[in-house]
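The block underneath contains the structure these notes are about, expressed in structure tokens.
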Amino acid sequence: MPDDHASAEYPKADFSGIYDRPDPRPYFETLKSVDYRIPQEGLPVVAAVLGASARAGRPRTVLDVCCSYGINAALLRFGVDMDEMRAHYTDPALAALSPDELADADREYYTSRPRRPDLTVLGVDSAVPAVGYGVRAGLMTDGWAEDLETSDPSPELAAGVRDVGLIVSTGGVGYVGAPTFERLLRAIRDPHDLWAAVFVLRIFDYDEITELFTRHGLVTERVPGMTFRQRRFADRTEHEAAVNEVVRRGLDPAGKEADGWYHAECFITRPAAVAAQVPIADLVAAVRAGLANPA
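Take the sequence shown: its letter number 25 is residue 716 in my numbering, and every next letter is one higher.
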């Protein structure tokens with residue numbers, strides 16, 4: 692799941708129910724109240740990393756970890772933005788459609804837009820209805836509803852992700868961890884050439900996953916000087932808990948969590964040889980210069 696469900700360790704709002712619905716209308720209706728936006732804010736970085744990885748010879752096949760209904764796939768493949776998607780799924784004119792009718796309408800809606808046919812976006816998530824809808828509506832090229840924290844990938848998933856060149860996650864870390872990434876790395880054909888762009892809320896630690904990548908000969912670097920808003924806090928309890936946790940981790944909440952927003956850092960993983968030749972600052976410069984549109 693790309694956003695929130697409650698955990699025993701951290702008092703985070705429970706939005707898990709919106710991933711068990713047969714279509715994304717409740718997802719967008721619920722999350723608009725907290726201004727959920729991390730896929731949109733992270734898109735320029737994802738696009739820059741995708742472009743750089745493709746120039747380095749990696750396949751233009753993206754795996755979205757905790758993909759839910761395929762939001763990242765839509766942003767990358769069809770050029771929509773989160774505001775358009777939110778308006779689309781909360782349109783009263785669609786309220787009477789059944790989930791199957793909405794999926795058919797969505798397939799036409801998205802495929803009628805300018806497409807990037809050379810880009811394959813796959814998804815994995817434990818939420819069966821969400822993944823099923825994202826594939827059925829044509830947002831994702833393919834997807835699998837599996838819990839890789841507890842189980843090895845199915846033969847279908849393992850075969851499907853074999854040629855992945857870039858892993859993306861815009862909010863799953865904290866609910867999935869090193870076991871999920873380790874199982875994926877075992878399934879990918881060339882894990883030592885893999886790229887990743889992973890957005891991690893500042894309340895969570897990323898060290899274990901970084902160490903996993905390191906063991907595969909990959910270098911992981913935090914994007915310097917940038918954080919990305921995920922959503923507003925749902926209530927005062929979340930707000931206070933996040934501020935306290937950020938401070939406990941030695942980070943400054945001023946201008947970020949203190950102002951009422953979850954903020955994420957982005958970690959970019961690249962092959963060691965590429966990281967040695969191309970400083971992370973070059974990728975950041977591309978983002979800041981507006982040169983990160985997917986192509």
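Think of the CB as a built atom: it goes at the ideal place given N, C-alpha and C, for glycine as much as any other residue. Since we're looking at a predicted model, the values are computed, not measured.
For residue i, the residue or residues it bridges with in DSSP
i	result
residue 890	957
residue 836	816
residue 998	Absent from the model: residue 998. The displayed extent of the chain is 692 to 986, so no value can be given.
residue 754	813, 858
residue 923	952
residue 826	Answer by DSSP bridge pairing: none, since residue 826 is not bridged.
residue 864	867
Beta carbon of residue i nearer than 8 Å to that of residue j
i	j	result
residue 878	residue 915	no
residue 703	residue 929	yes
residue 752	residue 854	yes
residue 869	residue 900	yes
residue 781	residue 837	no
residue 857	residue 883	no
residue 713	residue 824	yes
residue 757	residue 851	no
residue 818	residue 797	no
residue 730	residue 766	yes
residue 955	residue 934	no
residue 722	residue 922	yes
residue 976	residue 740	no
Residue i - DSSP class collapsed to helix/strand/coil
i	result
residue 879	coil
residue 737	helix
residue 884	helix
residue 857	strand
residue 771	coil
residue 712	coil
residue 776	helix
residue 906	helix
residue 783	helix
residue 967	helix
residue 918	coil
residue 718	helix
residue 947	coil
residue 941	coil
residue 726	coil
residue 759	coil
residue 895	coil
residue 707	helix
residue 901	helix
residue 699	Interpretation of residue 699 is limited by its pLDDT of 40, a score under 50 that renders its predicted location unreliable; no figure is taken from the coordinates.
residue 744	helix
residue 749	coil
residue 806	coil
residue 841	coil
Inter-residue spacing [alpha-carbon to alpha-carbon] between residue i and residue j
i	j	result
residue 920	residue 813	24 Å
residue 974	residue 958	12 Å
residue 875	residue 831	18 Å
residue 911	residue 725	30 Å
residue 907	residue 918	27 Å
residue 795	residue 913	40 Å
residue 840	residue 898	17 Å
residue 961	residue 809	21 Å
residue 770	residue 895	30 Å
residue 745	residue 785	38 Å
residue 967	residue 748	16 Å
residue 940	residue 816	28 Å
residue 972	residue 787	49 Å
residue 775	residue 737	19 Å
residue 727	residue 804	24 Å
residue 970	residue 860	22 Å
residue 946	residue 953	11 Å
residue 709	residue 936	26 Å
residue 890	residue 791	32 Å
residue 964	residue 807	29 Å
residue 707	residue 925	14 Å
residue 716	residue 821	11 Å
residue 902	residue 866	18 Å
residue 872	residue 777	30 Å
residue 718	residue 893	23 Å
residue 978	residue 847	35 Å
residue 762	residue 927	28 Å
residue 811	residue 764	9 Å
Where the alpha helix (DSSP H) containing residue i begins and where it ends
i	result
residue 975	971 to 979
residue 849	846 to 851
residue 800	790 to 802
The ligand PLP heavy atom lying under 7 Å from the CB of residue i
i	result
residue 832	Within the structure as shown, the ligand PLP is missing, as the structure has no ligands at all.
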